[in-house]
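S.K.: One structure is given below, represented as C-alpha cells, and several questions about it will come after.
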Amino acid sequence: MTAVPTSTRAPARATATRRPVAGRSSPRRFLLPLGGLAVVAVFLGPYVVMLLDALRASKDVLRTPATFWPSDWQFTTFNTVLSDTRFLNWLKTSVLVATTSTLIVILVAVPAAYFTARYKFPGRIPFLFLVLVTQMFSPTSLVVGLYRQFFELNLVNTYLSIILTNSAFNLAFAVWILHGFFSAIPDEVEEAAHLDGCGRLGTLWRIMLPLTRPGLVTAVIFTFIAAWNEYVVALTLMQDDAKKPLTVGINSYVTGYEQNWDQLFAAAIIAIVPVVILFAVIEKHLVGGLTAGSIK
Amino acid sequence: MTSARMTVVAALGAAALTLTACGGGSGADSSGGGDSGGGDGGKVTSIKLVAAEYSKTNTAKFWDDFAKAYETKTGIKLEVQVISWTDIDQQSSTMIQNGSPPDILNLNVYASYAADGLLYDADAVLSPDVKTDLIDAFVDSGTFEGKMYGMPDLSSARALFYNKDLFAKAGIARPPTTWAEFTDAAKKITALGNGVVGYAMPMGPEEAQAEFSIWLFNNGGDWKSGDDAWSINSPENVQTLEFLKKLAVEDKVTQNNPGRTNRTDGAFSLFGSGKAGMVVGFSPLSATLDEDKSIDYGVAPMPTNDGGEPQTYGVTDYLMAFKKPGNAAAVKAFYDLYYQPEQVNTFIKAEGFLPVTESGLAEFASDESLKVYLDTLPNVHLTPTDDPEWDTVKLAVQQNIGAAVGPDGDPQAVLDKLQEQAESGS
Amino acid sequence: MSATSARSPAGSVGPVTARPTAPGSLGVADGSGPDDPWRRKRRPAHGHASWRVAALWLGPALLLIVGVVIYPAIALVRASFNEYSITGLRRGSAGWANYANVLQHDDLVTVLRNTIVWLVAVVTITVLISLALAQFLAKEFYGRRLVRWAIIVPWAASLVITARLFTLMYDYYHGILNTLLLNLNIVNEPVDFLGDDRWTMASMVAVGVFVSIPFTAYVFLAGLHAIPTDVYEAARVDGARPWQTYWRITLPLLRPAILVATVLNMIYVFNSFPIIYTLNERNPGFIHDTSITFAYKLAFKSAEKDVGMSAAAGVFNVLFILLIVVVYLRVVRPQEELR
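This is the structure we're talking about:
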C-alpha cells in the first residue's frame, strides 16, 4: 500500500507535555502515579463501598451507624447471584442486546459519518441536525409511542424491538464523533488510495477506518454502555422475565416488602465487569488513530 | 492484525454488503406476539396478567406455577408480566393509552378503572361461592357504585412494633395504649441517648397516607364522613397531625426530618438497627426482622388518643379484570383458580401477608405471630379506595403532608388545602 | 475555498447555524511555526455527491431514525393535545389545555430554576474537571492503564444503581459519608444531605458530575491524542511556556472536542432522570425536581396524574433543550469548525 503522507508523528506521550521524554525529572515519576492513585480512589471509592455492601448481610447495609468494613463477612453473595437462573437470563439478554445494538450502530454510523464528512450534498446539514435532535427526547416521554409502534408491528416482547430502539437512539453520538474524525483525515490519504485503485468502500474500510480508531473506540464504548444501561424502554417492551435485561431485572432484589441489598449490589458489580473487559480490550486503540503505527 | 482490528474489518465488510443491498431494513421477526387474540364472539386462547412484584423470592415463582396450573386446567395460556411497584403505574397507563390493557391487572387502586368503565364486575366474573368466601370488609372496599370491581389478592394490617430491649432499658412495662402513654414512652426511650429515638415516623412520599391514616383512625377521625363527604380537615384529623408535629418538633422524640423519611429505607431500617423504640409495621416487617434476628421486638395494637378501642388500619391490593372481547370465561376461570385455598393462601403465606377470605382466616388462625392482626382483620379500617377521587387525593397527601410535621409546618393549612383539592376534583 | 484551520479530529459540532462552506481559522497559526505540517492545505473542498448516492450512504441511518424515533415523537405531540383520565384512558381532545396547565403550574418557576442550576452546574464542573483529567491521563506514567480502567467504572455502572448507592451513602443515619465526616471531626452532627434544602441540590449535582466525567474525559482524551506532536515541537522551539502552550495550542485544537462534549453533555444532563428522581425520592412536592422529573411526576406520582399534561411538559422539554443548544451554538460560533 502506498505510504501515507502523514508526517512523522510521535505517539501520544508527547501530546500532553511539551517536554521530550528524556526530560522527565524524577519527582514526576512518583507524583504522577500518586495522582493516579488519588483519581482511582475518587472514582472507585463509591464502588468499593458497593462491593463491601455486597459482602455483608443485607440487614447490615442499612444499619445505623454505618461501618466501612462488614462486621461479618459474607462471601456467598456472589455465588448466590451467579447461580440464580433468573439473573443469568437477564445477563444473557443484556449481552445480546448491547452487543447487537453496538454492531448495528457502528455499521450504520460509519458510512453516514464518512459520507457527511467527505461529500457535500443537499440535505447534509439537516441530516446531521436531525441526528442530534433524536437525542433531545427524554426516553420516558417517548415510551408510550414506542410501545404502540412495536405493538402494531407485533414486536412487543422481542429482542429485536429493544435492539432497534437502542440502535436508533444511540446513533447520534457515533455519527457525530466519527464525522469529526473522518473530516480530520487529510485528503491526500484518500487520493493516494484512489490512485491505488480502491473504490469508495475499499478506501473507507481499508484506509480511512484504521485512521479513526480513537473515534471508533469511543463510539463503541459509548454505544455499548448506553445499550447496556438502558432501562425504561426495555421495561416497557420486554414482558417475559427471561427476556428482561439486567437493568430491569435487578430491581427485583429490593422491593418495598423484601430487601436483598447484598444481592442487588453483587449483581450490579457483576454487571460492570463486561463493560470494563470490553474497555480493557479496546482501550489501547484509544491512543492515536493518526499515529505512525496505524498504517504500515 | 489484532483481533479488534479484525472485528472492525469484518464489520466493515458487513457494512459493504448492507450498502450494496441498498440498506434494506432488518427482516421483521414476528415471533413475539401473543396478545390475547380472538375477535368478538370468539374465545381467547391466551390471557395476560400484569402482576406487581412483592418480593423477588416469591412473586414471579408463584405466578409461573400458577400459569402452569391455569393452562393445565383450562387449556388457555396465561402470560405473566411481573413489574416492580415503582413502575407498574407507568406501565399500566402505557398499555391503556394504547388500548391494549392486560386481561388481569394487579394494583393497589381500582376505582378509577371502574369509573372509566374498563372493568368486569364481580357478577360477571366471580363465582358466587368465591364471592361469599371473601371477607366482608374487602368486598365493601372493592365495591364501586354498588358493584364489586376490586377483587382483593392479599391484605395487610398495621400494628405498633416496639423494641423490647429499649423498653426494658427505659423502664417501660408494657406498650402504650393511649397517646399520652405513647408520648411518655417515646420521651423515655429518646432519653436513653446514643442516637436512639422514641418513634420512627415515615411521613415522606412513599407511604405518608398510611402513616397518617393509622393515627387519625385512632383519634376517631377518617378521610370521609358518614355522608360520603370529604372530611380531611376535620378537627380530629387536624388534632392528629398536630400531635404528630409535636412529637417531631417540640418533644423531639422522632428521627431527624420525619416529613422526609420514607418507610422502607428510613423508618424500618432505623427500627431494624435497634435505634428506634417504636414504629408502625406490618407482617412483612416481622418476616424481615425474624430472619435478621438482630432485635427483640413485640407487636401491639395502636394506642388511641382517649384510650378507647384501637382501630386497625388495613390495606388490600386488587386483581381487576379488563373487559376485552371474548375473555370473560377465561377471566372467570382465572379467579376460580386463584381463590382456591391452595393458591391464594400459598401466595399470601409466601409473601408474608394476611388472608382475604374467610377460609383463609381459618387456615391462618393457627399462626400465633399473626394473631394480633387476624383478630382485628374482619373489622379493619380501610382508606376510601372505593372512591376514584381517592386515587388522586392519596397522591396529593403523599406529596404534601410531610411539610406539616416540619418546624414551619402548619397542620391546619396543609389539611385545608388537601380538603379543597379533594372537593374541587371532578 | 480552502480551509486552513488546524483541526482536532475529535469531532466538529455545529451544522446548526453555520454556512456549510464557511472557511475559518482557529487562530492556531500564531502559536505554531510556519513549517507546521498540520497547517498545510488539508481539506480542500468536499467532493460533491448527488442525493441518490447520498441516500445510499445515509439510507440505513435515516431508516433507523425515521423508523424508530419519528413515530413515538409524533405520538408524544399528539398525546399533548388529548385529555386523559388518570388511568390513561383517552377522553377526547384537550386543545391547548395541557400546555396552559403546565404554564400555570404553581411549581413551574421552582422547577425551571432547579433545571437551570442543575444543567449549568453539572455541565460546567464536568467539563472543567474532565479537561484537567484528560490532560493528566494523556501523560505517560506507571499505572496509567489502571487509572483509565478505573475511570470507566462510574460510566459502566447502571445509573439507577449508582443513584441508589449514593442515596445510601448520603443518608443521615446509615450513610457512610456522615460516619466518615464525623470520625474525621469535620462535622459535629450528621449532615442531612438529601433532606436539608440547603444541601439537596449540591448533593445531586455532585453525583451528576461524578457520572458525567468519564464520558467527557474520554472524548477529550481522544481529542488530545489526535493532536499532532509537531505542533508542540514548534511551540517549544518558539519558547512558549507550558501555560501559554496549553492556552494557545492545546485548548484551540481541542475546541471541536469540547464543543461535542459540551453539547452532548447538555442534552444528557438535561434529560438525566435516575439521579434526581432517586436522590430526591424522600422529598415532598416538586421542590428539587428538574423539568424531566417534573414531567414524570405529573403523569404518575403527583395529584395531577395526567399523561396529557405530562406529554405537554415533555414537548416543552424538547423545545427547551433545543433552544439551549441552539443558543449555545450561536454563542460559540462553530462555523469555524465547519467547511
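Chains as they are written, first to last, in the numbering used here: chain A, 212 to 507; chain B, 2 to 427; chain C, 8 to 346.
Beta carbons: idealized from backbone N, C-alpha and C, even for Gly.
1) For M152 (chain B), name the three-state secondary structure that DSSP assigns.
2) Using a C-beta to C-beta distance shorter than 9 Å, which residues of chain C count as neighbours of Q422 (chain B)?
3) Tell me, please, whether the CB atom of T265 (chain B) is closer than 8 Å to any CB atom in chain A?
4) Is the region 194-212 of chain B touching the region 248-266 of chain B in the sense that three or more CB pairs, one from each, lie closer than 8 Å?
5) Do we get a CB-CB distance below 8 Å when we pair S165 (chain C) with the residues of chain A?
6) Tell me which residue opens and which closes the beta strand (DSSP E) that F162 (chain B) is part of.
7) Beta carbon of I418 (chain A), beta carbon of V400 (chain A): below 8 Å?
8) Between L271 (chain B) and M279 (chain B), what straight-line distance do the alpha-carbon atoms span, to the nearest angstrom?
9) Please tell me whether P176 (chain B) has its Cβ less than 8 Å away from any Cβ of chain A.
10) At a Cβ threshold of 8 Å, is W280 (chain A) touching chain C?
11) In chain order, what are the residue ranges of uninterrupted alpha helix (DSSP H) at least 4 long that sit wholly in the region 174-257 of chain B?
12) Between A211 (chain B) and chain C, is there a C-beta pair that is closer than 8 Å?
13) Residues of chain A with a CB under 7 Å from the CB of E54 (chain B): which are they?
14) Tell me which residues share the same chain as F347 (chain C) and place their Cβ nearer than 7 Å to its Cβ, disregarding the 5 neighbours each side in the sequence.
15) Who are T384 (chain B)'s beta bridge partners in DSSP?
16) Using alpha carbons as the reference points, say which of C:N278, C:V130, C:L96, C:R289 lies closest to V3 (chain C).
17) Look at the alpha carbon of I81 (chain C) and the alpha carbon of G356 (chain A), and state the distance between them as a whole number of angstroms.
18) Considering only C-alpha positions, which residue in the set C:I234, C:V226, C:I183, C:T207 is nearest to I396 (chain A)?
19) By DSSP, does H496 (chain A) sit in helix, in strand, or in coil?
20) Please list the partners that G95 (chain C) has in chain B, where partner means a Cβ-to-Cβ separation under 8 Å.
21) From F168 (chain B) to D392 (chain B), what does the alpha carbon distance come to, in whole angstroms?
22) Starting from D318 (chain B), trace the alpha helix (DSSP H) in both directions and tell me its first and last residue.
23) Candidates B:S226, B:A115, B:G275: which alpha carbon is nearest T384 (chain B)'s?
24) Please check if any C-beta of chain A sits within less than 8 Å of the C-beta of K146 (chain C).
25) Kindly list the residues whose CB is nearer than 8 Å to the CB of I483 (chain A), restricted to its own chain and excluding five residues on each side of it in sequence; keep chain order.
26) So, with DSSP's three-state summary, where would you put G460 (chain A)?
27) If the cut-off is 9 Å on Cβ atoms, which residues from the region 386-403 of chain B count as contacting chain C, listed in chain order?
28) On the CB-based measure, 16 or more other CB atoms within 10 Å of its CB, does A139 (chain C) come out buried or exposed?
29) Who does E80 (chain B) pair with in a DSSP beta bridge?
30) Under 9 Å Cβ-Cβ, which residues of chain C neighbour G205 (chain B)?
31) Nearest by alpha-carbon distance to S305 (chain A): which of A:L415, A:L457, A:L475, A:L245 is it?
32) Any C-beta of chain A within less than 7 Å: which residues of the region 258-286 of chain B qualify?
33) For the region 99-127 of chain C, which residues have a beta carbon sitting closer than 7 Å to at least one beta carbon of chain A?
34) Could you tell me the boundaries of the beta strand (DSSP E) in which N109 (chain B) lies?
35) So V83 (chain B) and W64 (chain B) are supposed to be a Cβ contact under 8 Å. How far apart are they, rounded?
36) When DSSP labels each residue in this structure, what does Q111 (chain C) get in the three-state scheme?
M.R.: For this structure:
1) Three-state DSSP puts M152 (chain B) in a strand.
2) Here the neighbours are A310.
3) Interface residue, yes.
4) yes
5) yes
6) 160-164
7) yes
8) 10 Å
9) no
10) no
11) Qualifying alpha helix (DSSP H) stretches, in chain order: 180-191, 209-218, 236-250.
12) no
13) Neighbourhood of E54 (chain B) in chain A, by CB distance below 7 Å: S463, T466, in chain order.
14) The first residue shown for chain C is 8 and the last is 346, placing residue 347 (chain C) beyond what the model contains.
15) According to DSSP, T384 (chain B) bridges with nothing at all.
16) Past the boundaries of the shown model lies residue 3 (chain C); chain C is included only from 8 to 346, so the question cannot be answered.
17) 8 Å
18) C:I234
19) helix
20) Those are S93, S94, T95, M96, I97, Q98, listed as they occur along chain B.
21) 38 Å
22) Element bounds for D318 (chain B): not the alpha helix (DSSP H) but the beta strand (DSSP E), 315-322.
23) B:S226
24) yes
25) Y258
26) helix
27) P389, D392, T393, V394, K395, L396, A397, V398, Q399, Q400, N401, I402, G403
28) exposed
29) B:K49
30) G202, E288, R289, N290, P291
31) A:L457
32) T265, D266, S270, L271, G273, S274, K276, P285
33) Cβ contacts with chain A: none found.
34) From DSSP, N109 (chain B) is part of no beta strand (DSSP E); its letter is neither H nor E.
35) 6 Å
36) coil
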